[in-house]
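Here this note's numbering is used: position 29 in the sequence shown is 29, and no number is missing along the way. Below is one structure, written out as structure tokens, with a few remarks after it.
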Amino acid sequence: MGKVFSVAQVNAYVRGLFDDDLILSEIRIKGELSNVKYHSSGHIYFTLKDSKAAISGMMFERDALALDFTLKEGQLVVITGRVSVYERDGRYQIYARRITREGAGLLYEKYEKLKKELSEMGMFDEMYKKPIPPFVQKLGIVTAPTGAAVRDIINISKRRNPYIDILLYPAKVQGEGAAESIVRGIETLDERNCDVIIIGRGGGSIEDLWAFNEETVARAVFNAETPIISGTGHETDTTIADWVADLRAPTPSAAAELAVFDYRSFEKLINDYADNLTERLEQRISGYKSFLREMEQRLNRFSPVNAIGLQKERLKNFDSRLNNAMTRKLENDLQRIADIEDLLGSSIELKLNGYKQRLGNISARLEGVSPAKTLSRGYSFVENAKGRPLKSVSDVRKGSHIQIYLRDGKVYADVSKTEKRDDN
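Laid out in structure tokens, this is it:
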């Protein structure tokens with residue numbers, strides 16, 4: 001068997017082949033810049049490409065200091081340098097010593113032209129931007145089914161809201177047919193009643209991201225009823241889809257952050273609101289209770305019921321006092337009557353004895369002058385027909401009826417003659 005070589009030996013051998021090649025040791029290459037990165041060390045890293053191929057490149061700080069312009073994405077340049085192998089990675093690249101500008105790159109020119117046309121049509125206008133719902137429950141994703149982008153979107157979405165429903169449309173995001181695949185994904189998820197759709201992919205060169213610069217994709221984003229967030233490439237990458245989308249995110253991960261609300265933060269916010277509301281309600285109820293107690297006290301002071309109760313109490317007191325006074329009055333009056341009766345009893349008895357004595361005397365006197373007594377002695381008593389005593393002959397006339405009382409009876413007579421006695 002032949003000799004076995006290490007990887008480092010192979011890479012070193014290949015590098016030697018490149019370095020010994022006269023053409024590759026001093027070469028000029030024309031192409032379009034992409035993935036331009038200025039490193040903190042002062043070195044510049046980039047990709048040089050055309051419509052069919054690409055090559056990595058770098059320029060050391062000592063050579064970069066001689067540049068009279070800033071390298072930017074999409075610039076068409078001519079690079080003078082050498083092509084060699086970076087032994088650690090086994091990757092060949094061009095080491096630029098000098099870079100000159102050749103005008104704007106073809107893809108960049110196409111990008112700027114479409115961007116201008118769509119802007120003039122109003123497709124970037126804010127008035128057409130649909131608001132992103134604050135509480136997304138059903139999330140649609142249009143991206144490649146594998147890779148960091150889809151993993152980041154799903155992981156971040158589930159972390160923020162474990163209950164979210166995710167629909168993934170596995171689209172082709174690079175190369176031939178990518179634009180058509182993205183359009184189908186947008187249209188499909190737009191019919192599935194998603195709350196928001198995220199379209200995007202990881203970073204790359206302008207060629208890698210070109211599907212998101214196609215007009216068909218831009219129109220699909222613009223015509224969708226569902227709000228769309230575009231998260232394409234790295235923070236410095238901006239595609240036509242980013243301009244048309246309802247919201248642009250700098251990365252796919254940021255798109256997930258913008259689309260999906262944080263369930264735990266939301267739950268805490270709701271609990272805080274509930275606690276605050278409960279506290280305010282308790283304070284309000286406590287205030288109303290105090291107010292009601294005050295009103296009840298004021299009402300009791302002016303209540304007719306209480307006034308009537310007080311009057312009833314006063315009447316009961318008056319009634320009790322009146323009964324007591326009447327009882328004392330009656331007792332006093334009864335005592336006085338008893339005393340008077342005792343006093344009158346003695347006085348009346350004396351007066352009755354006196355009256356009896358006087359009555360006896362009067363009776364004796366009356367008996368002395370009594371007509372019956374007189375009649376018993378042989379006298380008579382005469383009355384006219386009306387029962388009046390006759391005292392004079394003038395009291396009767398001839399023919400008058402008279403009545404004569406004798407001791408043992410009465411005589412009825414008629415006057416036949418009267419004769420007046422002459423006392424002289």
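The beta-carbon is built from N, C-alpha and C at its ideal position, and this holds for glycine as well. Model, not experiment: these values are computed from the prediction.
In the DSSP assignment, what are the bridge partners of residue i?
{"i": "K37", "result": "Y45"}
{"i": "G409", "result": "L406"}
{"i": "R201", "result": "T232"}
{"i": "A255", "result": "Answer is none; A255 lacks a bridge partner."}
{"i": "S84", "result": "Q93"}
Taking the alpha-carbon of residue i as reference, which of the options has the nearest alpha-carbon?
{"i": "F266", "options": "T418, P162, I198, H43", "result": "P162"}
{"i": "E235", "options": "P227, S253, I228, T226", "result": "S253"}
{"i": "T232", "options": "L107, A241, A224, T226", "result": "A241"}
{"i": "T47", "options": "S34, K356, G354, Y38", "result": "S34"}
{"i": "V136", "options": "D152, S290, L167", "result": "L167"}
{"i": "E225", "options": "E214, T188, D208, Q174", "result": "T188"}
{"i": "K158", "options": "L139, T146, Y169, R15", "result": "L139"}
{"i": "A218", "options": "V183, T251, E207, R192", "result": "V183"}
{"i": "L258", "options": "P133, V78, I337, S41", "result": "P133"}
{"i": "T70", "options": "M127, F60, I44, K417", "result": "I44"}
{"i": "V85", "options": "D319, D342, S56, T216", "result": "S56"}
{"i": "G31", "options": "L107, Q283, N223", "result": "L107"}
{"i": "I156", "options": "V4, Y111, N271, T251", "result": "T251"}
{"i": "A178", "options": "E214, T146, R160, N193", "result": "E214"}
{"i": "F60", "options": "T238, I362, R264, G42", "result": "G42"}
{"i": "V244", "options": "K289, R321, E117, R284", "result": "E117"}
{"i": "V36", "options": "R15, V7, V77", "result": "V77"}
Taking the alpha-carbon positions, what's the residue i to residue j distance?
{"i": "T143", "j": "I154", "result": "11 Å"}
{"i": "L65", "j": "D262", "result": "47 Å"}
{"i": "K172", "j": "K130", "result": "26 Å"}
{"i": "I27", "j": "L67", "result": "18 Å"}
{"i": "R82", "j": "Q93", "result": "8 Å"}
{"i": "E87", "j": "L22", "result": "20 Å"}
{"i": "D195", "j": "G90", "result": "47 Å"}
{"i": "M58", "j": "S51", "result": "20 Å"}
{"i": "L359", "j": "H401", "result": "38 Å"}
{"i": "D422", "j": "V393", "result": "12 Å"}
{"i": "D63", "j": "E73", "result": "19 Å"}
{"i": "K329", "j": "R293", "result": "48 Å"}
{"i": "E419", "j": "G409", "result": "26 Å"}
{"i": "F18", "j": "S119", "result": "48 Å"}
{"i": "V415", "j": "K398", "result": "5 Å"}
{"i": "F291", "j": "R314", "result": "31 Å"}
{"i": "G185", "j": "D275", "result": "44 Å"}
{"i": "P389", "j": "Y379", "result": "14 Å"}
{"i": "A104", "j": "E191", "result": "Unreliable positioning characterises A104 in this predicted model, as indicated by a pLDDT of 45, which lies under 50. The coordinate reading is nonetheless provided below. C-alpha separation (whole angstroms): 40 Å."}
{"i": "K289", "j": "N300", "result": "16 Å"}
What whole-angstrom Cβ distance do residue i and residue j have, given they're in contact under 8 Å?
{"i": "R101", "j": "Q75", "result": "6 Å"}
{"i": "A148", "j": "G202", "result": "5 Å"}
{"i": "I164", "j": "V260", "result": "6 Å"}
{"i": "A211", "j": "S230", "result": "With a Cβ gap of about 12 Å, A211 and S230 do not count as contacting."}
{"i": "E207", "j": "K49", "result": "6 Å"}
Evaluate residue i with the Cβ neighbour count: other Cβ atoms within 10 Å of its Cβ, from every protein chain shown; 16 or more gives buried, anything less gives exposed.
{"i": "K316", "result": "exposed"}
{"i": "A220", "result": "buried"}
{"i": "S205", "result": "buried"}
{"i": "V10", "result": "exposed"}
{"i": "P304", "result": "exposed"}
{"i": "M295", "result": "exposed"}
{"i": "M123", "result": "buried"}
{"i": "G200", "result": "buried"}
{"i": "S181", "result": "buried"}
{"i": "Y13", "result": "exposed"}
{"i": "D445", "result": "No answer is possible for residue 445: the residues shown for the chain start at 1 and end at 424."}
{"i": "I79", "result": "buried"}
Chain B beta carbons: is any one of them nearer than 7 Å to that of residue i?
{"i": "L350", "result": "Of the protein chains in the structure, only one exists, and it is not chain B."}
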